[in-house]
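J.:
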Amino acid sequence: MIYLDYASTTPTDKRVLEKMLPYFEKEFANPSALYLSARRAKQAIDDARKAVANFLHCKPDEIVFTSGGTEADNLAILGVARQAKTGHIITSQIEHPAVLNACKQLEKEGFEVTYLPPDKNGIVSANQVEKALKPNTILVSIMYANNEIGTIQPISEIADVICNFRKVISRQSLVVSSDKYNKRQTTDYKRIIFHTDACQATGYLPMDVKKLGVDLLTLNGSKIYGPKGVGALYIREGTKIKPIVFGGGQENGLRPGTENVAVIVGLAEAIKLISDSEGEREKKLRDYLIQELLKIDGVELNGDKTKRLPNNINVSIKGVEGEALVLYLDRRGIAVATGSACSSKSLEPSHVIQALGKGREVAYSSLRITLGRQTTRAELDKFIKEVKIAISKLRKISGYNG
Amino acid sequence: MAKQYDVLDISGAPRLYSQKVEDHFFNPRNVMQGKPKKGEFNAYGEVGSPACGDVMKLWLKIENGKITSCKWKTFGCASAIAATSVLSEMVIGKTVDEAYKITAQDIIRELGGLPQRKIHCSVLGDQALRAAIENYRQTS
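Residue numbers (the numbering used here), protein chains in the order written: chain U, 1468 to 1869; chain Z, 105 to 244.
Here it is, written out as structure tokens:
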């Protein structure tokens, strides 16, 4: 099989799996218990937390392990909003459903949400965020890199405009209310929390949370050659957030439940194995594949050409419906993805490609190819050959060009 | 299709669609090649739009009240392609009145079933057929 769907999920690295295995059988103890084997399990979690913190340039206490990216996004968004009780949230139209549907839930709970449209290349600008900020804004959630079209958002620029807005608003409030309220209360009230979903960015982009300027950051094990079912949320010290799951006091009370030691160890190991050179290697393969695909008649690139993850290719192919193409390639041993409605459970074509303003037919005809550590140039050449055959077959059926 | 699509054998593996759907999807019958010649067909129907994700075009040759030829083109997913292909086999040899009565359910039965969320694809097939027959009735 030629697997070209790494953005969907990655295989677990053998080295990661090896580190995990003892925690299923031999080191199975509950980390909350007092005896030696439990203390060893606790130590494994502490070490994993340190490794993740080291990667994000933050303190170990600022990391909460979750069951994955979806739960970390939900904890960030619902947790901040429910702590604030009321207010305005800014996000983008091209977020992952884990963010979008959490925001939709908050709308039902009385919060106001602004969904910023990206430009035609799929970028949300800091300027757009600045214009959308309001005195009652409590949270901004903008993804670091998009899972479908790979576009990279200007996270640190967005952090700057949020920071400036905080200062301006705090100063105004102080002038108005200096006699009535003490300084700290006013400042706390005007705090706007910035969250980014970095599930797709992890492994490819700089992850220093201080430089990014974010308060909350989501990452996920199953996209970085770690196990499925594990994620982490960075929560900047002092950020007020409420849990969304209730139970024992694990993870500082923010994510109760007996820790899944094996996958947490796996996540940390996967992070340790990340290398910068792999992104450079994949970027060359990406540019080669984009160049070859654009040579085919009626093929256009979705997303930005340069502000793009090194492993993401997304094209729309006129006269070819995405599900049909994916299934033709599947029966030739190639695994890729589409934004066509027919591949989704919702029967709506990709909200991301629709948000680019290119029309629904472009979303129906979209194909996403995502590269990874095992991808070779030879695989891409085979893919190009096969995709050309499948396109020609399906265009005969659809009547593209007569 | 002139040449069959050479697919990997996945016997025993879990499937998305019935074997019959896959057969018609990978090797569709009666696909219209190029443009119709003058006088080759005397009825035409078209439903759907690219923005809806499905477009079906259907040509019929009707002689003495009987459908003697049916060709089609479909932009759509696997079930849309398979539904039009199987429909084209169902209508050939039928009278116009018999063909007009074909329902989406008939197409789905012929395909050996479709996943629930794919039912609308087959509905388009019977609509395209009726559009073609109505076109024939108006013009002849």
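Every residue gets a Cβ at the ideal spot worked out from N, C-alpha and C, and that includes glycine. None of these values were measured; they are calculated from a predicted model.
Straight-line CA distance for Ser1817/U to Lys1509/U?
T.: Taking the straight line from one Cα to the other gives about 42 angstroms.
J.: At what residues does the beta strand (DSSP E) containing Thr1835/U begin and finish?
T.: Checking the sequence shown, residue 1835/U turns out to be Arg, not Thr. Taken as a continuous stretch (DSSP letters only), the beta strand (DSSP E) holding Arg1835/U covers Ser1833 to Thr1837.
J.: Reducing DSSP to helix, strand and coil, say where Asp1655/U ends up.
T.: Any answer about Asp1655/U is weak, because its pLDDT of 43 lies below 50 and its placement is not dependable; what the coordinates show is given next. Asp1655/U falls in the helix class under three-state DSSP.
J.: Please classify Gly1617/U as buried or exposed, where buried requires at least 16 other C-beta atoms within 10 Å of its C-beta.
T.: By the neighbour-count rule (16 or more Cβ atoms within 10 Å), Gly1617/U is buried.
J.: Is the Cβ of Tyr148/Z closer than 8 angstroms to any Cβ of chain U?
T.: Not an interface residue.
J.: Contact between the stretch 1733-1753 of chain U and the stretch 1510-1518 of chain U is defined here as three or more beta-carbon pairs at a separation below 8 angstroms; is this criterion met?
T.: As far as the Cβ criterion goes, the stretch 1733-1753 of chain U touches the stretch 1510-1518 of chain U, which means the pair count is three or higher.
J.: If I measure Cβ to Cβ from Pro1694/U and keep anything under 6 angstroms in the same chain, skipping five residues before and after, which residues do I get?
T.: The answer, listed in chain order, is Thr1479, Gly1688, Val1730 and Gly1733.
J.: I need the boundaries of the alpha helix (DSSP H) containing Gly149/Z, first residue and last residue.
T.: No alpha helix (DSSP H) contains Gly149/Z, which is instead part of the beta strand (DSSP E) from Ala147 to Ser153.
J.: Consult DSSP for Phe1713/U and reduce its assignment to one of helix, strand or coil.
T.: Three-state DSSP puts Phe1713/U in coil, outside helix and strand.
J.: Using 8 angstroms as the threshold, is the C-beta distance between Gly1589/U and Gly1770/U below it?
T.: Taking 8 angstroms as the Cβ cut-off, Gly1589/U and Gly1770/U qualify as a contacting pair.
J.: Give me the chain U residues within the contact set of Ile211/Z, using Cβ-Cβ distance strictly less than 8 angstroms, ordered along the chain.
T.: Neighbours of Ile211/Z on chain U: none; closest Cβ ~17 angstroms, over 8 angstroms.
J.: Could you check whether the Cβ of Lys1825/U sits closer than 8 angstroms to any Cβ belonging to chain Z?
T.: So, not an interface residue.
J.: Does Thr130/Z pass the burial test, meaning 16 or more other C-beta atoms within 10 Å, or should it be called exposed?
T.: Position check: residue 130/Z holds Phe in this sequence, whereas Thr was assumed. So Phe130/Z counts as buried.
J.: Spell out a yes or no on whether the stretch 203-211 of chain Z and the stretch 149-159 of chain Z are touching, meaning 3 or more CB-CB pairs, one atom from each, closer than 8 angstroms.
T.: Verdict: no, contact absent.
J.: How long is the line joining the alpha carbons of Tyr109/Z and Glu1853/U, rounded to whole angstroms?
T.: Their backbone Cα atoms lie some 11 angstroms apart in a straight line.
J.: Can you list, in chain order, the stretches of the alpha helix (DSSP H) that have 4 or more residues and sit fully within the stretch 171-222 of chain Z?
T.: Listed in chain order, they are 182-195, 200-204 and 208-214.
J.: Identify the contact partners of Phe179/Z in chain U, using a Cβ-Cβ distance below 7 angstroms as the criterion.
T.: By Cβ distance, chain U contributes Gly1786, Glu1788 and Ser1865.
J.: Does the stretch 186-205 of chain Z come into contact with the stretch 166-176 of chain Z, if we say contact requires no fewer than three beta-carbon pairs (one atom in each stretch) closer than 8 angstroms?
T.: Flag = yes, the stretch 186-205 of chain Z and the stretch 166-176 of chain Z touch.
J.: Tell me the residue span of the beta strand (DSSP E) that contains Phe1661/U.
T.: Here the beta strand (DSSP E) through Phe1661/U covers Ile1660 to Asp1664.
J.: Please classify Thr1533/U: does DSSP put it in a helix, a strand, or coil?
T.: Thr1533/U falls in the strand class under three-state DSSP.
J.: Should the stretch 1535-1547 of chain U be called in touch with the stretch 1703-1710 of chain U, which here means at least 3 C-beta pairs below 8 angstroms?
T.: With a cut-off of 8 angstroms, the stretch 1703-1710 of chain U and the stretch 1535-1547 of chain U count as touching, because enough Cβ pairs lie within range.
J.: Here's the rule: buried if 16 or more other CB atoms are within 10 angstroms of the residue's CB, otherwise exposed. What is Lys1762/U?
T.: With fewer than 16 other Cβ atoms within 10 Å, it is exposed.
J.: Do Gly1800/U and Met1468/U have their beta-carbon atoms positioned less than 8 angstroms apart in this structure?
T.: Yes, Cβ-Cβ distance for Met1468/U and Gly1800/U is below 8 angstroms.
J.: Please list, in chain order, all residues of the same chain as Arg1844/U whose beta carbon is under 8 angstroms from its beta carbon, the five residues on each side excluded.
T.: Answer for Arg1844/U: Leu1752 and Tyr1755, listed in chain order.
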